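In case it helps, the numbering used here puts the sequence shown at residues 985 to 1237.
Every residue, glycine too, gets a C-beta built ideally from N, C-alpha and C.
Here the structure is a predicted model, which is why all the values come from computation and not from measurement.
What follows is one structure encoded as structure tokens, with my remarks underneath.
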Amino acid sequence: MSSRLARLLVPALLPLILILAWWYASAGGSSIFFPPLSQILERFQELWLFALVPEHVVPSLQSILWGLGISIVLGVGLGVLLGLNGYVATAVNPVLQFLRYLPAVALLPLAIQLIGIGQEMRVTIIVLGALWPILLNTIDGVRGISPGLVDVARSNRLRPFDWIFRVVIPSASPQIFAGIRASLAVSVILMFASELLGASRGIGYFILEAQRQFSLPEMWSGMILLGIIGYALNVVLMAIEYFALAWHRKARI
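Listed below in structure tokens is the structure:
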């Protein structure tokens, strides 16, 4: 019981210290750019619990979830195909590497021109950036399947469907989840960036408008909310990974 309590308290210790330090350091401050934390939290409560949730939070979450979901489907699907076919993977590798290092943010002006300002554009930008960690990790995971598993599958004459969904994807799933974790962070960043240029609502739009109007407590409250959302999504993903990869942890014991 004490060890479980320690595991819960230790990760919360540093954030608590930082919050207390911020609270006391800003309590007597007079800078308009760094308002007191008490004022920021007051505005946070007024705005985000729960007045502006439907207008700004829901569209941002929808963009992240749609973009990440499409990236997972495309990344895992294409990654399995390329991982199983080394010749095709070698042929398309230069194109993949070029697209991988092309910043999705740089495509924002073009996406606005072609798709317009709306959620479709934001989801497209997120997919263009979040796809690559999942795709490349899936390819590496598929290529790293143990030769012994391949021999067992051939000797048992597994059907292609069973081979892919019972051997290939489960064996590559640790690296697939590593790619998804990286893509989640990319999705949050691109959601914010796309809302700065191409949105009329959303957390990024709210923060930009608050900055333009010199409403600094409101701006800081939006930034805190963005961090909370990113942390919460990461916790949910870690919980899914924990249960999905339970077999992997047991196999390593």
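Exercise for review: Grab me the residues of residue 1203's own chain with a C-beta within less than 7 Å of its C-beta, minus the 5 sequence neighbours each way, in chain order.
Suggested key: As a position in the sequence shown, residue 1203 is number 219, starting the count at 1. For residue 1203, where only same-chain residues beyond five positions count, the Cβ hits under 7 Å are 1191, 1194 and 1195.
Check your understanding: Contact between the stretch 1077–1093 and the stretch 1045–1060: three or more CB pairs below 8 Å?
Key -> no
**Study point:** Euclidean distance between Cα positions of residue 1227 and residue 1011
**Key:** As a working note, residue 1227 is residue 243 in the sequence shown. As a working note, residue 1011 is residue 27 in the sequence shown. Distance between the alpha carbons of residue 1227 and residue 1011 is about 43 Å.
Point to revise | Those runs of the beta strand (DSSP E) which lie wholly inside the stretch 1096–1146 and span at least 3 residues | key: none
Exercise for review: Just the C-alpha distance for residue 1036 and residue 1200, rounded to the nearest angstrom, thanks.
Suggested key: Taking the first residue of the sequence shown as 1, we reach residue 1036 at position 52. Taking the first residue of the sequence shown as 1, we reach residue 1200 at position 216. Answer to the nearest angstrom: the Cα atoms are 17 Å apart.
Review point. Which term fits residue 1077, buried or exposed, when burial requires 16 or more other beta carbons within 10 angstroms of its beta carbon?
Key: The sequence position of residue 1077 within the sequence shown is 93, counting from 1. Exposed is the call here.
Review point. Measuring CB to CB, does residue 1099 end up less than 8 Å from residue 1167?
Key: As a position in the sequence shown, residue 1099 is number 115, starting the count at 1. As a position in the sequence shown, residue 1167 is number 183, starting the count at 1. Taking 8 Å as the Cβ cut-off, residue 1099 and residue 1167 do not qualify as a contacting pair.
Practice item. Give a yes or no on whether the C-beta atoms belonging to residue 1224 and residue 1175 are separated by under 8 Å. Key: In the sequence shown, counting from the first residue as 1, residue 1224 sits at position 240. In the sequence shown, counting from the first residue as 1, residue 1175 sits at position 191. Contact: no.
Exercise for review: Return the residue from the list 1021, 1092, 1015 and 1017 that minimises the CA-CA distance to residue 1007.
Suggested key: The sequence position of residue 1007 within the sequence shown is 23, counting from 1. Out of 1021, 1092, 1015 and 1017, 1021 has the C-alpha closest to the C-alpha of residue 1007.
Check your understanding: Three-state secondary structure (DSSP) at residue 1232?
Key -> Here residue 1232 is taken as the residue at index 248 of the sequence shown, counted from 1. In the structure shown, residue 1232 sits in a helix (DSSP, three-state: H, G or I).
Exercise for review: Can you have a look at residue 1001 and say buried or exposed, based on whether 16 or more other CB atoms are within 10 angstroms of its CB?
Suggested key: Position 17 of the sequence shown, counting from 1, holds the residue named residue 1001. The residue in question, residue 1001, is exposed, as its Cβ has fewer than 16 Cβ neighbours within 10 Å.
Point to revise | Candidates 1128, 1122 and 1151, of which the one nearest residue 1136 by Cα | key: By 1-based counting over the sequence shown, the position of residue 1136 is 152. Nearest of 1128, 1122 and 1151 to residue 1136, Cα basis: 1151.
Check your understanding: How about the stretch 1169–1188 and the stretch 1203–1218: do they share at least three Cβ pairs that are nearer than 8 Å?
Key -> yes
Review point. Using a Cβ-Cβ cut-off of 8 Å (strictly less than) and excluding sequence neighbours within five positions of residue 1232, which residues of its own chain qualify?
Key: Counted from its first residue, the sequence shown places residue 1232 at position 248. So the list reads 1157 and 1158, once near-sequence residues are dropped.
Exercise for review: Go ahead and pull the three-state DSSP assignment for residue 1227.
Suggested key: Indexing the sequence shown from 1 puts residue 1227 at position 243. DSSP places residue 1227 in helix when its eight states are reduced to three.
Point to revise | Exposure label - residue 1081; buried when at least 16 CB within 10 Å | key: As a working note, residue 1081 is residue 97 in the sequence shown. Burial call: exposed.
Practice item. Could you say which of 1210, 1105 and 1155 lies nearest to residue 1173 if we only look at CA atoms? Key: Taking the first residue of the sequence shown as position 1, residue 1173 is located at position 189. Taking only the C-alpha atoms, the option nearest residue 1173 is 1210.
Exercise for review: Indicate the three-state DSSP secondary structure (helix, strand or coil) for residue 1197 in the structure shown.
Suggested key: Translated into positions along the sequence shown, residue 1197 becomes position 213. Residue 1197: coil per DSSP, three-state reduction.
Review point. Looking at C-alpha atoms only, which residue of 998, 1013, 996 and 1040 is the closest neighbour of residue 1180?
Key: Translated into the one-based positions of the sequence shown, residue 1180 becomes position 196. Among 998, 1013, 996 and 1040, the Cα nearest to that of residue 1180 is on 1040.
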